[in-house]
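Asks: Per the numbering used here, the sequence shown runs over residues 116 to 461. Beta carbons are placed, not taken as given, at the ideal position from N, Cα and C, and that holds for glycine. This structure is a prediction, so every number in the text was calculated from the model and none was measured.
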Amino acid sequence: MQSAIERILPFDEEAAAAAERHSDGLTKPPGSLGKLEAIARQLAGIAGGLWPELSRRAVIVMAGDHGVCEEGVSAFPAEVTPQMVLNFLEGGAAVNVLARQSGADVVCVDIGVNAELKHERLVSRKIRMGTANMAAGPAMLRGEAAAAVRTGIEIAERLAQEGVRLFATGEMGIGNTTASAALASVLAGIDPERSVGSGTGIDEQRRRHKVDVVKKAIAVNEPDAADPLGVLAKVGGLEIAGLVGVIIGAAASRCPVVIDGYISTAAALVAVRLAPGVKPYLIGSHLSMEQGHRDLLQAVGLSPLIQLDMRLGEGTGAVLCFHFIDAALGLMQEMATFESAGISKG
Numbered sequence: 116m117q118s119a120i121e122r123i124l125p126f127d128e129e130a131a132a133a134a135e136r137h138s139d140g141l142t143k144p145p146g147s148l149g150k151l152e153a154i155a156r157q158l159a160g161i162a163g164g165l166w167p168e169l170s171r172r173a174v175i176v177m178a179g180d181h182g183v184c185e186e187g188v189s190a191f192p193a194e195v196t197p198q199m200v201l202n203f204l205e206g207g208a209a210v211n212v213l214a215r216q217s218g219a220d221v222v223c224v225d226i227g228v229n230a231e232l233k234h235e236r237l238v239s240r241k242i243r244m245g246t247a248n249m250a251a252g253p254a255m256l257r258g259e260a261a262a263a264v265r266t267g268i269e270i271a272e273r274l275a276q277e278g279v280r281l282f283a284t285g286e287m288g289i290g291n292t293t294a295s296a297a298l299a300s301v302l303a304g305i306d307p308e309r310s311v312g313s314g315t316g317i318d319e320q321r322r323r324h325k326v327d328v329v330k331k332a333i334a335v336n337e338p339d340a341a342d343p344l345g346v347l348a349k350v351g352g353l354e355i356a357g358l359v360g361v362i363i364g365a366a367a368s369r370c371p372v373v374i375d376g377y378i379s380t381a382a383a384l385v386a387v388r389l390a391p392g393v394k395p396y397l398i399g400s401h402l403s404m405e406q407g408h409r410d411l412l413q414a415v416g417l418s419p420l421i422q423l424d425m426r427l428g429e430g431t432g433a434v435l436c437f438h439f440i441d442a443a444l445g446l447m448q449e450m451a452t453f454e455s456a457g458i459s460k461g
């Protein structure tokens, strides 16, 4: 893990400034394309030049189960996790449709599903059969959390070596909004009353119970916010840990990472605490309907590109934002300059 962190290069401010100068010379008022210009600037700073080739892209969907489901925190039973993994692998989930539309591969990883899964397209890297119930003790051992992070790093770096230059984070795991809320409360100081939302669509009575479960998990485990890996082990999830690794591995490979919703943002928070150098490589995608996501984005320092009242996860919001990245690069590469078009500059 540490070797990957040490390979993360600083953001190239000179390349970013060159992108900004180029943008200001295009046939439009400076800054009039808003966040699209900011994306182009960021991509140049990540790649270290104009303009990065990002046609090979992938959404990595990490899947894992959560022992905290024993507490009745979700509207869906835990067996939905392996069922949805098979749906991803057969191309029938929402993220598959959106990935096809944006030219992205869906890479589904079993990092902790509580079932034996076999499929030719499944990346099987199971650390353990789901986490333990964090309301009764640590979700996993520290070594297991570290192994899950390393797995994510290895997968991202392997894909980068194969030519993938743009990543999105995705996940599947019934109960993972509970773990994400606990991570948000410990690492970002967000009160569980705000960090705990409706998840898969639970009613207010069950949400109140979920708040109590998160509070109990924090009280039982006493996680130390100064030790992000320890927090991840005590109240996190295997798929969240895997995404932490994906973020670090992508950054170490000098690739941008589009962060999906609440669970992915919790992973991004852990990644930034473990490796502050990943921050410039992150692109926020959407503002989820999940309560607490706005606070969590602020804690990471991300600004979402869109707000479509989504709360599905899987990487759907992140993959959708690949279109905006394509738009940003296309504008920078194809628009005329004032000089080339013979237009007077104000």
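Quick one: complete beta strand (DSSP E) runs, 3+ long, within the segment 250-311?
Replies: Every unbroken stretch of the beta strand (DSSP E) spanning 3 or more residues and falling wholly within the segment 250-311 is given here in chain order: 281-287.
Asks: In whole angstroms, give me the CA-to-CA distance for Q458 and A130.
Replies: It is worth fixing the name first, because residue 458 is Ile in this sequence and not Gln. So the alpha carbons of these two residues sit roughly 26 Å apart.
Asks: Determine which residues share a DSSP beta bridge with H401 and list them.
Replies: The partner list for H401 (beta bridge, DSSP) reads I421.
Asks: Report the rounded CA-to-CA distance for G146 versus A153, giving the unit in angstroms.
Replies: Their Cα atoms are separated by approximately 9 Å.
Asks: Would you mind reading off the limits of the alpha helix (DSSP H) that contains G345?
Replies: First-last of the alpha helix (DSSP H) with G345: 343-350.
Asks: Which whole-angstrom value is the C-beta distance of E537 and A367, which I expect to be below 8 Å?
Replies: Residue 537 is absent from the model: the chain starts at 116 and stops at 461.
Asks: Taking the Cβ atom as the reference point for each residue, do I398 and V361 lie within a distance shorter than 8 Å?
Replies: no
Asks: I believe E194 touches N291 by the beta-carbon criterion, under 8 Å. Please report the beta-carbon distance rounded to the nearest angstrom.
Replies: About 15 Å separates the two Cβ atoms, so there is no contact after all.
Asks: When burial is assigned at 16 or more other CB atoms within 10 Å of the CB, is H438 buried or exposed?
Replies: exposed
Asks: On the CB-based measure, 16 or more other CB atoms within 10 Å of its CB, does L204 come out buried or exposed?
Replies: Per the 10 Å Cβ criterion, buried.
Asks: Among the residues of its own chain, which have a CB less than 7 Å from the CB of A250, if the five just before and after it don't count?
Replies: If we look at A250 and ignore the five residues flanking it on each side, its Cβ neighbours are V183, E186, V328, K331, A332, V335.
Asks: Using only alpha-carbon positions, find the residue among L124, M116, A162 that is nearest to A132.
Replies: A162
Asks: Spatial neighbours of E405 within its chain, please: C-beta separation below 8 Å, excluding the five flanking residues on both sides.
Replies: T292, G312, S313, G314, G376, Y377, R426
Asks: Would you tell me roughly how many angstroms separate the C-alpha atoms of V238 and D225, rounded to the nearest one?
Replies: 6 Å
Asks: Do you know offhand how far V346's Cα is from A383's?
Replies: 14 Å
Asks: Which partner residues does R172 have in the DSSP bridge list?
Replies: A219, L281
Asks: What would DSSP say about M177, mapped onto helix, strand or coil?
Replies: strand
Asks: Give the DSSP-derived three-state secondary structure of D225 in the structure shown.
Replies: strand
Asks: I need the straight-line Cα distance from I363 to A456, nearest angstrom please.
Replies: 42 Å
Asks: Within the same chain, show all residues whose beta-carbon is closer than 6 Å to that of N248, passing over the 5 residues directly before and after it, in chain order.
Replies: G182, V183, E185
Asks: What number of angstroms, rounded off, separates the C-alpha of L151 from the C-alpha of G245?
Replies: 40 Å
Asks: Starting from I333, trace the alpha helix (DSSP H) in both directions and tell me its first and last residue.
Replies: 319-336
Asks: If you reduce the DSSP assignment to three classes, tell me which class L204 lands in.
Replies: helix
Asks: State the Cα-Cα distance for the pair G278 and A442, rounded to the nearest angstrom.
Replies: 21 Å
Asks: Can you tell me whether L124 is helix, strand or coil according to DSSP?
Replies: coil
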